[in-house]
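Residues in the sequence shown are numbered consecutively from 144, following the working numbering. For reference, the structure discussed in these notes is given below.
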Amino acid sequence: SGHRLEALSRLHGLLKRVDRLDRLRFAFAAHVKKQGAVLVKDEENDKDMVQNLLDMKERADRVVADAFGGGEVFTHALKESFESFVNCRQNRPAELIAKFIDAKLKAGNKGPGGSDQAMESTLDAVLTLFRFIQGKDVFEAFYKKDLAKRLLLGKSASIDNEKSMISRLKAECGSQFTTKLEGMFKDCDLSRDVMKSFVNDSERASRVPEGVEMFVNVLTAGYWPTYAPAEVSLPLDLSVFQDVFRDFYLAKHSGRRLVWQNSLGHCVLKATFPCGAKELAVSLFQAVVLMLFNDTEQLTLEEIHAATGIEDKELRRTLQSLACGKVRVLGKEPKGREVDDGDVFSINEAFNEKLYRIKVNSIQLKETVEENTQTNERVFQDRQYQIDAAIVRIMKTRKTLSHQLLISELFNQIQFPAKPTDLKKRIESLIDREYLERDRSNPQLYNYLA
Numbered sequence: 144s145g146h147r148l149e150a151l152s153r154l155h156g157l158l159k160r161v162d163r164l165d166r167l168r169f170a171f172a173a174h175v176k177k178q179g180a181v182l183v184k185d186e187e188n189d190k191d192m193v194q195n196l197l198d199m200k201e202r203a204d205r206v207v208a209d210a211f212g213g214g215e216v217f218t219h220a221l222k223e224s225f226e227s228f229v230n231c232r233q234n235r236p237a238e239l240i241a242k243f244i245d246a247k248l249k250a251g252n253k254g255p256g257g258s259d260q261a262m263e264s265t266l267d268a269v270l271t272l273f274r275f276i277q278g279k280d281v282f283e284a285f286y287k288k289d290l291a292k293r294l295l296l297g298k299s300a301s302i303d304n305e306k307s308m309i310s311r312l313k314a315e316c317g318s319q320f321t322t323k324l325e326g327m328f329k330d331c332d333l334s335r336d337v338m339k340s341f342v343n344d345s346e347r348a349s350r351v352p353e354g355v356e357m358f359v360n361v362l363t364a365g366y367w368p369t370y371a372p373a374e375v376s377l378p379l380d381l382s383v384f385q386d387v388f389r390d391f392y393l394a395k396h397s398g399r400r401l402v403w404q405n406s407l408g409h410c411v412l413k414a415t416f417p418c419g420a421k422e423l424a425v426s427l428f429q430a431v432v433l434m435l436f437n438d439t440e441q442l443t444l445e446e447i448h449a450a451t452g453i454e455d456k457e458l459r460r461t462l463q464s465l466a467c468g469k470v471r472v473l474g475k476e477p478k479g480r481e482v483d484d485g486d487v488f489s490i491n492e493a494f495n496e497k498l499y500r501i502k503v504n505s506i507q508l509k510e511t512v513e514e515n516t517q518t519n520e521r522v523f524q525d526r527q528y529q530i531d532a533a534i535v536r537i538m539k540t541r542k543t544l545s546h547q548l549l550i551s552e553l554f555n556q557i558q559f560p561a562k563p564t565d566l567k568k569r570i571e572s573l574i575d576r577e578y579l580e581r582d583r584s585n586p587q588l589y590n591y592l593a
């Protein structure tokens, strides 16, 4: 907007004649860095950062192509400028790019100008930004977490788009980067085959409670994000189904261990209100809470906690989504936005949503502060392991090395931004664990201990 392309083109032509294009290149690069740094450092507008960067990249590309004749020196200057400012705020841009892709893959081709071609163009443009990021492990961690939720909660608009994005990442970063992501799709395909086999097993089918349909995703622990086990006392119908499925699966795969991830479960409940019958799409925790009201009219927070066994913070979050959100399936006394000790809950008799099927489980899709912190901590932990492995690998080959040369070698090997102080801490840690030792005659030298 407002780019005077003709004027810039004339300026480019004049400077080219007198061999002064380097001055135009420096000015152009400085301008791009300044504008980009403003966008990246503006924390209040994080939600729009990626789209703003894409718009800026599109405008800058147009200037290079139309005003500067697509010159290689200007293309390179633009690339260097983006690499500089995108990484001026560590980790956050990588996380936001992953979340931007998540939003696009959930929405699919909805909205103005929505088409397969538009989606492909968007994914290509985002991938260009992804190339500039140094900490690609941060992107991978958040992309993997969001992909897991899309697959397990059925929120992906198109599996073809999902696989198209994985193919792009594979072409960009190699098969090692996408092995776990591809494994997640493989698990989903295998789970469908397992469930077909389970449904056709007449002996198991006879033990399953009537009126309950259940689908189980069997996940390979190494492919998926790490989930903390969440305890919950399931209603009898659901716990029986779990037991029957466990017996069926372990009979076919002896030596394996199944751990139920209750926090990822979701279901559809049939409910009858004064306004008529409805179907409620809820999380497993929401379902467990709501099913308590089949046998009683009202319950306190403490009684629900005792009956369900759900961890206190998670239970309050679940009740808040049912009684204080947009769709209020439960009523709460006293009224309020927060769930406090002693609050009393009952079925909302005034419930009058017009739709037959109502989604109440958006709570599962929202990222909690704890989730975000855990993902960043896992990335930090993985980086420490990678630094340790690189140090041992270098020292095993070189046997003896000075501190400066070891730091220099490490910067050549690791693929994420790190400070010399962080590397020094890992060296000290390995000395404490007796992988290395300081040379007795020269403390600036390290010796490898076999």
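Positions of the beta carbon are idealized from the N, C-alpha and C atoms, including for glycine.
Sheet register partners of I490 (DSSP bridge): Along the sequence shown, one-based indexing puts residue 490 at 347. L473, per the DSSP bridge assignment.
8 Å contact criterion, which R168 and A203 should meet: CB distance rounded: Reading the sequence shown from its first residue, position 25 is the one you call residue 168. Reading the sequence shown from its first residue, position 60 is the one you call residue 203. A Cβ-Cβ separation of about 13 Å leaves R168 out of contact with A203 under the 8 Å criterion.
Buried or exposed, going by whether 16 or more other CB atoms sit within 10 Å of the CB of A633? Here the chain covers residues 144 to 593 and nothing more, so residue 633 does not appear.
Can a CB atom of chain B be found closer than 8 Å to the CB of A208? Structure shown: chain B not included; a single protein chain is present.
DSSP has A420 in a bridge; who is on the other side? Along the sequence shown, one-based indexing puts residue 420 at 277. For A420, which the question treats as bridged, DSSP gives the partners T415.
Per DSSP, cross-strand counterpart(s) of Y591: Position 448 of the sequence shown, counting from 1, holds the residue named residue 591. According to DSSP, Y591 shares a beta bridge with L579.
In whole angstroms, give me the CA-to-CA distance for K539 and I574. Walking along the sequence shown from the start, residue 539 turns up at place 396. Walking along the sequence shown from the start, residue 574 turns up at place 431. Using only the alpha carbons, I get a separation of about 14 Å.
Quick check on A94: buried or exposed, where buried means 16 or more other Cβ atoms within 10 Å of its Cβ? This structure does not reach residue 94, given that the chain is present from 144 up to 593, and the question cannot be answered.
Every unbroken alpha helix (DSSP H) within the stretch 361 to 433, with a cutoff of 4 residues, ordered by chain: At a cut-off of 4 residues, the continuous stretches assigned as alpha helix (DSSP H) that sit fully inside the stretch 361 to 433 are 379 to 395.
In whole angstroms, give me the CA-to-CA distance for E201 and A493. Residue numbering aside, residue 201 sits at position 58 when the sequence shown is read from its first letter. Residue numbering aside, residue 493 sits at position 350 when the sequence shown is read from its first letter. A direct Cα-Cα distance of roughly 51 Å separates E201 from A493.
Measure the alpha-carbon distance for E186 versus L566 and round it to whole angstroms. Taking the first residue of the sequence shown as position 1, residue 186 is located at position 43. Taking the first residue of the sequence shown as position 1, residue 566 is located at position 423. Put simply, the backbone Cα of E186 is about 29 Å away from that of L566.
From Q556 to I537, what does the alpha carbon distance come to, in whole angstroms? Counting from one through the sequence shown, the residue named residue 556 turns up at place 413. Counting from one through the sequence shown, the residue named residue 537 turns up at place 394. The straight-line gap from Cα to Cα measures roughly 9 Å.
In three-state terms, what does DSSP make of Q524? Taking the sequence shown and counting its residues from 1, the one referred to as residue 524 is at position 381. Annotated three-state conformation of Q524 is helix, per DSSP.
Three-state class that DSSP yields for K329 in the structure shown: For this step, residue 329 is matched to residue 186 along the sequence shown. Residue state, collapsed to three classes: helix.
contact_flag[the stretch 522 to 532, the stretch 272 to 291] where n(CB pairs < 8 Å) is 3 or more: Below 8 Å, enough C-beta pairs join the stretch 522 to 532 and the stretch 272 to 291 to call them touching: three or more.
Would you mind working out which of K509, R581 and L290 sits nearest W367, comparing C-alpha positions? What you label residue 367 is simply residue 224 of the sequence shown in a count that begins at 1. It is L290.
Measuring CB atoms only, is the stretch 300 to 315 touching the stretch 239 to 250, in the sense that at least three cross pairs come out at less than 8 Å? Three or more beta-carbon pairs drawn from the stretch 300 to 315 and the stretch 239 to 250 are found closer than 8 Å, and the two stretches are therefore classed as touching.
8 Å Cβ cutoff met for Q429 and V503: Working through the sequence shown from its first residue, we reach residue 429 at position 286. Working through the sequence shown from its first residue, we reach residue 503 at position 360. For Q429 and V503, yes; Cβs fall inside 8 Å.
Contact check, K413 vs A420 under 8 Å by CB: the rounded distance? In the sequence shown, residue 413 corresponds to position 270, counting from 1. In the sequence shown, residue 420 corresponds to position 277, counting from 1. Contact flag correct, Cβ pair sits at about 7 Å.
Please list the terminal residues of the continuous beta strand (DSSP E) segment that includes Q441. Position 298 of the sequence shown, counting from 1, holds the residue named residue 441. Looking at the DSSP string, the run of the beta strand (DSSP E) that includes Q441 is Q441 to T443.
Closest to V431 by C-alpha separation, out of R400, P378 and F554, would be which residue? Here residue 431 is taken as the residue at index 288 of the sequence shown, counted from 1. Looking at the Cα atoms, P378 is the closest of the given residues.
By DSSP's criteria, K502 is part of a beta bridge. Which residues make up the other side? For this step, residue 502 is matched to residue 359 along the sequence shown. Answer is A424.
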